[in-house]
Amino acid sequence: MAIQARLFDIGLAQIYARAVLAIARADHELGLEEGLRIERLLEARSGRPVALDDLLLDEPLEPAELVALMRAHAGPFRGNSVHPGELAAMIVMDAIAVVLAKGYVSEGEARELLRFAVALGCSVDEVRAMSAHLVPFLAALERI
């Protein structure tokens with residue numbers, strides 16, 4: 784799991800975390816290994832310890848809410864803002880890394896992943912390009 788970009792803004796890191804968690808929970812279950820991967824990825828992205836239990840108490844994030852929260856965090860005086868396309872790439876790559884803990888991506892997870900990526904301005908083809916190296920595991924994306 785190569786982490787390239789960091790989310791230094793704590794609010795943005797929370798938004799990102801809720802999106803990854805929403806994708807991982809799209810199949811209505813969250814296994815132990817998925818939970819551990821989420822914690823490791825979130826800590827790597829934010830540079831802070833993360834308590835998964837706290838995130839599980841939050842309401843599930845919807846793509847439209849993600850976009851609204853991103854707009855609220857963007858602005859001319861915010862040096863920590865991240866371009867929506869960059870955040871989408873982080874969410875796609877990290878969510879796939881999390882859900883692959885069980886060996887495959889379910890159709891529900893793939894559908895939720897696409898909803899978030901498209902809401903942030905990515906096309907389905909861009910999502911496929913981001914995940915081309917995982918084609919054997921992503922059969923669910925082909926059905927969408």
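Just so we're aligned, residue 784 is where the sequence shown starts under our numbering, counting upward by one. Glycine is no exception: its CB is placed at the ideal position from the N, C-alpha and C atoms.
Out of curiosity, what's the CA-to-CA distance linking residue i and residue j?
{"i": "Ala880", "j": "Gln797", "result": "18 Å"}
{"i": "Ala802", "j": "Gly814", "result": "17 Å"}
{"i": "Leu775", "j": "Phe899", "result": "This structure cannot speak to residue 775, because the chain is shown only from 784 to 927."}
{"i": "Arg808", "j": "Glu892", "result": "7 Å"}
{"i": "Pro846", "j": "Val901", "result": "9 Å"}
{"i": "Val888", "j": "Val882", "result": "6 Å"}
{"i": "Leu875", "j": "Asp837", "result": "The sequence given here places Val at residue 875; Leu does not occur at that position. Their backbone Cα atoms lie some 22 Å apart in a straight line."}
{"i": "His811", "j": "Phe791", "result": "30 Å"}
{"i": "Gly794", "j": "Gly886", "result": "31 Å"}
{"i": "Val910", "j": "Glu869", "result": "12 Å"}
{"i": "Ser914", "j": "Val907", "result": "11 Å"}
{"i": "Val865", "j": "Pro843", "result": "22 Å"}
{"i": "Gly818", "j": "Leu897", "result": "21 Å"}
If you reduce the DSSP assignment to three classes, tell me which class residue i lands in.
{"i": "Glu817", "result": "helix"}
{"i": "Asp837", "result": "helix"}
{"i": "Asp780", "result": "Because the chain is modelled from 784 through 927, residue 780 falls outside the range shown and cannot be assessed."}
{"i": "Phe899", "result": "helix"}
{"i": "Leu795", "result": "helix"}
{"i": "Glu848", "result": "helix"}
{"i": "Ser914", "result": "coil"}
{"i": "Arg823", "result": "helix"}
{"i": "Leu804", "result": "helix"}
{"i": "Ala855", "result": "helix"}
Just confirm the distance between the C-beta atoms of residue i and residue j, as a whole number of angstroms; I'd bet it's less than 8 Å.
{"i": "Arg828", "j": "Met873", "result": "7 Å"}
{"i": "Glu822", "j": "Leu840", "result": "Incorrect: roughly 15 Å between the Cβ atoms, too far for contact."}
{"i": "Glu816", "j": "Ala884", "result": "4 Å"}
{"i": "Glu895", "j": "Ile806", "result": "5 Å"}
{"i": "Ala871", "j": "Gly904", "result": "7 Å"}
{"i": "Val833", "j": "Ala800", "result": "7 Å"}
Original post:
Which whole runs of the alpha helix (DSSP H) in the region 858-894 are 4 residues long or more, in chain order?
Top reply: 867-882
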